[in-house]
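What follows is a single structure, written as structure tokens, with notes after it.
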Amino acid sequence: MDLENEKGIDTSNSQCKNCGSGLFFDPKSKGLKCKNCSSVFDFEKSILNQKKELVASNTENDNWSMEARVFQCDTCAAKIIVTGYDVTTVCPYCGSAYVSKTDQLPGLKPDRVVPFNYDEKEAVGVFAKGVKKKFFVPRVFKKEIPESNVRGLLVPTFTFDVNTFSTYSGILEKITTVRDSKGNTKRKVDRFNISGSNSLDFVDLVIESSSKFDNKQMSSILPYDMSQGYKFDENFLRGYSVEHYQDSLDECHRSAKAIVDSNIRSSVLSGYDYTNVVSLNISTDYKNEKYTYCLLPVYTFEYEYKKKKYITIMNGQTGKIGKGLPISPLKVSLVVILVILVISSIFLLAALA
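So, in structure tokens, the structure goes:
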């Protein structure tokens, strides 16, 4: 569909200039589409490459009160951002028809928005296609996916960049099984010292700040193509719900640092053949720390299967399906049995060698 030649559309007006109906963000055209006459209008947008330095002043509030409002659901207490021209009366998490306003206002204003690539109708098809590729999902479910309540959410996240240089020292031990001249076996424990340095760079490390999702859930639908993240514009929000960030920038930074430290530890240990870690001391310098407050597109599919309710999430940019699908106990059991048989065979061959 061709875009109207309206680069300079008045973004403070949420109505179609042709028929007066409401406009919403259209993932296909990346423009604003009329709910009534389907006219599509372009608006100025730019890819955001610049990131903010992570310094103490970042924690100061950037007042967004004139541009958006925070509402809190009476039923599940989720906090949701509502823009000045959109009115949300249904909670995107529990479906409650009433959402009440709170006194809490948004603090930091989003820097970047990764827009949806699929509208709701397309998302249903992408979801069905992706489910059929999931091995552990029951065959009956794949054959007839239940009708779902589909919601599009822009989830608050902070992304972090950092360059690290670490020095380390420690003691590792290697345990092996040896056989003497009489054929008896015994355990042999060898300890050895390690030391060295390690450099790792992290780019766009995603830390969710949602009250309803956790990092494990978000990790299950990563990655997002951050190169397609646009400078924040409320036009990307039209027709979708936006949750207020639950955890502060400082809290998310601490979570990111824990992940960075864990990856550094794993990287250090990956260079050695060992069984146990006796001790390991790592000292790390963190440089060029940057961040962005980013809104990421997520579709939730809420449905019932065998009298049990499920909520499955899907990446609204790539279509990757995450956690929340029904799992076939039979398929899981078969895989577990197969793994046990393979491991048993390996030990048996080692003992006979």
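In the working numbering, the protein residues as written are 352 to 704. Where is the CB? At the ideal position from N, CA and C, for every residue including glycine.
Asked	Found
How big is the Cα-Cα spacing for Phe392 and Gly373?	12 Å
Scan the stretch 551-596 and note each continuous beta strand (DSSP E) run of 3 residues or more that stays entirely inside, going in chain order.	592-594
DSSP three-state label for Asn639, please.	strand
DSSP on Lys480, reduced to helix/strand/coil?	helix
Leaving out five residues on either side along the sequence, give the residues of the same chain with a beta carbon under 6 Å from the beta carbon of Arg490.	none
Check whether the stretch 633-643 touches the stretch 559-569, counting contact only when three or more Cβ pairs, one atom from each stretch, lie closer than 8 Å.	no
Can you list, in chain order, the residues of its chain with a C-beta nearer than 7 Å to that of Cys370? Leave out the 5 residues immediately preceding and following it.	Cys385, Asn387, Cys388
For the beta strand (DSSP E) that contains Ile526, what are its first and last residues?	500-530
Apply the 10 Å Cβ neighbour rule to Val687 and answer buried if 16 or more other Cβ atoms are within range, or exposed otherwise.	exposed
Could you tell me the distance, in whole angstroms, from the CA atom of Val482 to the CA atom of Lys493?	6 Å
Exposed or buried, Ile531, counting other C-beta atoms within 10 Å across all chains shown (16 or more means buried)?	Checking the sequence, you will find Asp at residue 531 rather than Ile. With fewer than 16 Cβ atoms within 10 Å of its Cβ, Asp531 is classed as exposed.
How far does the beta strand (DSSP E) with Ile496 in it reach, from first residue to last?	Note, Ile496: premise wrong, no beta strand (DSSP E); not H, not E.
Measuring CB to CB, does Gln668 end up less than 7 Å from Val465?	yes
With distances taken Cα to Cα, identify the nearest neighbour of Ser592 among Tyr519, Phe376, Leu405.	Phe376
Determine the extent of the beta strand (DSSP E) in which Asp612 is found, giving its start and end residues.	No beta strand (DSSP E) holds Asp612; the alpha helix (DSSP H) holding it covers 600-620.
So for Val628, helix, strand or coil by DSSP?	strand
Roughly how many whole angstroms lie between the Cα atoms of Val540 and Phe511?	41 Å
Taking the alpha-carbon positions, what's the Leu588 to Ala479 distance?	25 Å
Under 7 Å, do Glu471 and Val629 count as touching if we go by C-beta distance?	no
With DSSP as the reference, label Ile664 as helix, strand or coil.	strand
Return the Cβ separation of Ser397 and Tyr581 in integer angstroms, given the expectation that the two are a contact with Cβ distance under 8 Å.	7 Å
Counting Cβ pairs, one atom from each stretch, are 3 or more of them under 8 Å apart for the stretch 496-504 and the stretch 644-653?	yes
Below 8 Å on the Cβ atoms is my guess for Val611 versus Thr515; work out the distance and round it to an integer in Å.	7 Å
Could you give the DSSP three-state label for Leu399: helix, strand or coil?	coil
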